[in-house]
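Chains as they are written, first to last, in the working numbering: chain A, 8 to 289; chain B, 380 to 703.
Even glycine gets a Cβ: it sits at the ideal position worked out from N, Cα and C.
Values in this document were obtained by computation on a predicted structure and should not be read as measured data.
Presented below is the structure to which this report refers.
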Amino acid sequence: MRRFFKHRLAVVAVVMLAVMVLLALGASFTPYSPTEQDPANPFMNPTPSHWFGTDELGRDIFTRILYGSRVSLIVGLVSTLLTIFVGVTVGAISGYYGGNLDNILMRITDTFLTFPTIFVLIILSSFLREQPFPWLKNSVLVVIVIIASLSWMWPARLVRSLFINLREREFVTATRALGGGSVGIIIRHILPNCLGPILVSGTLQMAYAIITESGLSYLGFGVQPPTPTWGAILSTAQVHVFRAPWMAIYPGVMIFITVMTINYIGDGLRDAFDPYVVHTDK
Amino acid sequence: MARYALRRVLQSIPIIFILSILLFAMVRAAPGGPLSTAYRNPNVTKAQIELLKKQLGLDQPLPVQYARWLGDMLRGDMGDSIKFRRPVSEMIAERIPNTLILVGVSFLVTLIIALPVGILSARKPYSLFDYIATTLTFIGQSVPVYWLGLALILVFYVAIQNPYTGDPLFPAGGMRTIGGESSLSDLAWHLVLPVTALSASWAAWYSRFLRSSLMDVLHEDYIRTARAKGAADRVVYYKHALSNAILPLVTLIGLDLPSLFAGALFIETIFAWPGMGRLFWDAARGRDYPVLLAVVMIDAVIIIICNILADLFYGVLDPRVKYD
């Protein structure tokens, strides 16, 4: 922990992420609705009453950006948790037990790794939306699930290699000799030793999920309108790039800042957990 | 080596097979399925839908449909596009070269930027150059490719004009000037913005990766040995260090290929580049499932082939690796 706080940029990044979460939570406090249209005032330039101007339907862009950050942060966080959960489970089982089980699981992992990810995501998203199950009607949920379903392979491989390394260590042999069960060894003894790398890969995954969600929404295959998302704002901005060029700037800057913040946090975590990093105080 | 290559090819066949089943199931088993646009169209009668179903073989059970589709695919027949009523193979043959031009040029530009930047950063770590390069790579890694493309259009098409003619500085879309002579310089002019957008983040990733990989290698014993023997700095860096540090980069590029195609999809969509990505996007919006399936399958095969090539190339670069 102390080593993490030595990484100054990472600390700044944590503060910025906290500010973003607060802004996302505070979105309801703006005087405008994110979806209500005001046809009398489309394409307004940024003014004191509309900080970022208005879009083609007269909606306040600042408000929509704030609501959009809710979607991005939720998709980023939940799909990362799901990815890590599935990946760690597969990796732990594969690495701990080895043998045929490992072989089968790794073959499946390799198959998923050769998928042309974005293409499969688009197909999944467009066809899942047609499903009759009511719980799938929520496109945020669809996006969360499909991103996780094509990302779990990376943590799975990471955790597997860590487990292969750790399962032969003395403390594991000792626990086994004391009569500890396999599940207990996996969860209580080996897993805590993998926490650092898992956290770091979690930050990478979160950055990836946020970029992917916005990208899918930008292409029209992510979270569906009228829910405001950064990607959706970006794609309307492209249509009106001559009338309202400023519209394209805000969502992009928001995605950029969020992703960079998360990347810096990951960098700080990596330095904090990696015993081989030499700290040079300049 | 030939035997190893053959074994890898044979191993990848079940992977392609599983992928094809999954994709086919996804596209065909969805309720409404391939004909959902027809169902929603009030002008299409029930009888017409039945006829369409029969024509497309959709009245057969799913496994039969799959077997037929697979058989056709293996013979190179990818079916007809529902929307354009043309053979899919013809449409894809038109598009593949365009995507390869875009991705290939971007990849070259990436290497031309990433290799020198990575090497120079590692040679003089914590110098001013390294500091600037690290900052830029961090920015490059965090900028989404679709926004970079849009931002480039905003700056070089919308905002800045050619001071002599008043035209936009660079074209915002397409591969060639419509109605103009098709020439190499015209193509290059159209390539500038998409290639810039596409290579920026790859160059950032690869230069950063090469820097850290080089820095790791520089601590190895054989580097100290080479130095102790009085090898010149240049020889140590380029002969001893670089040839070892480049190895993980080759693996990374091999694993990274799906994301390269993803980037191409976004860039082709933004810049109206007539490649596979754009074709796929149009097909996805119009539910043109024969096109969808064909594009994904071809991309998957390309990715698998490139993975095998990357592994073989690894063996060429690293004589310690033995294939058996």
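Take residue i and list the residues in its own chain whose beta-carbon comes closer than 8 Å to its own, dropping the five residues that flank it on each side.
i: A/Ser133; result: Phe228
i: A/Ile72; result: Phe59, Pro235, Trp237, Ile240, Tyr257, Pro258 and Met261
i: B/Ile632; result: Tyr585 and Ala689
i: B/Tyr536; result: Pro547, Leu548, Phe549, Pro550, Ala551 and Leu572
i: A/Pro232; result: Ala239
Indicate the three-state DSSP secondary structure (helix, strand or coil) for residue i in the structure shown.
i: B/Asp459; result: strand
i: A/Asp288; result: In this predicted model, A/Asp288 has a pLDDT of only 39, less than 50, meaning its place in the structure is not dependable; the value taken from the coordinates is given anyway. Residue state, collapsed to three classes: coil.
i: A/Gln231; result: coil
i: B/Gln439; result: coil
i: A/Thr61; result: strand
i: A/Pro258; result: helix
i: B/Asp546; result: coil
i: A/Pro162; result: helix
i: A/Pro38; result: coil
i: B/Pro523; result: coil
i: B/Pro393; result: helix
i: A/Pro199; result: helix
i: A/Pro53; result: coil
i: A/Pro252; result: helix
i: B/Pro421; result: coil
Going by beta carbon distance, what residues of the same chain come within less than 7 Å of residue i, once the five residues before and after it are set aside?
i: B/Ser399; result: Leu449 and Met676
i: A/Gly273; result: Val207, Thr210 and Leu211
i: A/Val21; result: Ile272
i: B/Asp459; result: Arg465, Pro466, Val467 and Pro669
Please tell me whether residue i and residue j are closer than 7 Å, where the distance is taken between their beta carbons.
i: A/Thr87; j: A/Ala216; result: yes
i: A/Val166; j: A/Gly105; result: no
i: B/Phe549; j: B/Val571; result: yes
i: A/Thr121; j: B/Ile498; result: no
i: A/Ile151; j: A/Val82; result: yes
i: B/Met543; j: B/Val629; result: For clarity, residue 543 of chain B is Tyr in the given sequence; the question names Met instead. No, they are not a contact pair.
i: B/Pro547; j: B/Phe650; result: no
i: A/Thr37; j: A/Thr70; result: yes
i: A/Gly94; j: A/Ala163; result: yes
i: A/Thr243; j: B/Ile397; result: no
i: B/Asp678; j: B/Lys462; result: no
i: B/Met655; j: B/Arg474; result: yes
Kindly indicate the opening and closing residues of the alpha helix (DSSP H) around residue i.
i: A/Pro46; result: Here A/Pro46 belongs to no alpha helix (DSSP H), and DSSP marks it neither H nor E.
i: A/Thr124; result: Thr124 to Leu135
i: A/Glu175; result: Where A/Glu175 is concerned, there is no enclosing alpha helix (DSSP H), given that its DSSP letter is neither H nor E.
i: B/Met676; result: Tyr668 to Leu696
i: A/Ala239; result: Trp237 to Val246
i: B/Trp581; result: Leu563 to Val596
i: B/Arg699; result: That residue, B/Arg699, is in no alpha helix (DSSP H); it is neither H nor E in DSSP.
i: B/Ala651; result: No alpha helix (DSSP H) contains B/Ala651, which DSSP labels as neither H nor E.
i: B/Ser506; result: That residue, B/Ser506, is in no alpha helix (DSSP H); it is neither H nor E in DSSP.
i: A/Ile193; result: Unbroken run through A/Ile193: none, as it is neither H nor E.
i: B/Ala607; result: Asp600 to Ala607
Please work out which residues of its chain come closer than 6 Å, Cβ to Cβ, to residue i, disregarding the five sequence neighbours upstream and downstream, and give them in chain order.
i: B/Ala582; result: Thr489, Ile492 and Ala493
i: A/Thr287; result: Here the model assigns A/Thr287 a pLDDT of 44, short of 50, so the residue's position is not dependable and the matter cannot be decided.
i: B/Asn541; result: Leu548
Is residue i near the ligand HEM, in the sense that its beta carbon is under 6 Å from a heavy atom of that ligand?
i: A/Arg167; result: The ligand HEM is not part of the structure shown, which contains no ligands of any sort.
Residue i touches chain C at which residues, Cβ-Cβ below 8 Å?
i: A/Phe228; result: The question asks about chain C, but that chain is absent: this structure's protein chains are A and B.
key: Where the region 642 to 674 of chain B meets chain A: residues whose CB sits under 8 Å from a CB there   = If you check each beta-carbon in the region 642 to 674 of chain B against every beta-carbon of chain A, the ones closer than 8 Å belong to Leu644, Phe645, Thr648, Ile649, Phe659, Trp660, Ala663, Arg664, Arg666, Leu671 and Val674.
ask   = Which residues, in chain order, does the region 528 to 553 of chain B contribute to contact with chain A at a C-beta distance below 7 Å?
value = The region 528 to 553 of chain B vs chain A, Cβ under 7 Å: Leu529, Ala530, Ile532, Leu533 and Val537.
inquiry  = If the cut-off is 7 Å on Cβ atoms, which residues from the region 11 to 32 of chain A count as contacting chain B, listed in chain order?
reply    = Flagged: no residues at all.
inquiry  = Residues of the region 124 to 137 of chain A in Cβ contact with chain B at a cutoff of 7 Å, in chain order, please.
reply    = Using a CB distance below 7 Å, the part of the region 124 to 137 of chain A facing chain B consists of Thr124, Ile125, Phe126, Val127, Ile129, Ile130, Leu131, Ser133, Phe134 and Glu137, ordered along the chain.
key: Residues within the region 253 to 286 of chain A neighbouring chain B, beta-carbon criterion of under 7 Å   = Of all residues in the region 253 to 286 of chain A, only Ala255, Gly259, Ile262, Phe263, Val266, Met267 and Asn270 come within less than 7 Å of chain B when Cβ atoms are compared, listed by chain position.
query = For the region 80 to 103 of chain A, which residues have a CB atom closer than 7 Å to at least one CB atom of chain B, in sequence order?
reply = Of all residues in the region 80 to 103 of chain A, none comes within less than 7 Å of chain B when Cβ atoms are compared.
message = Give me the subset of the region 204 to 225 of chain A whose CB atoms are less than 8 Å from a CB atom of chain B, sorted by chain position.
response = From the region 204 to 225 of chain A, only Ala214, Ile218, Ser221, Gly222 and Tyr225 have a Cβ closer than 8 Å to chain B.
key: Near-chain B residues of the region 176 to 188 of chain A (beta-carbon distance less than 8 Å), N- to C-terminal order   = So nothing in the stretch comes that close.
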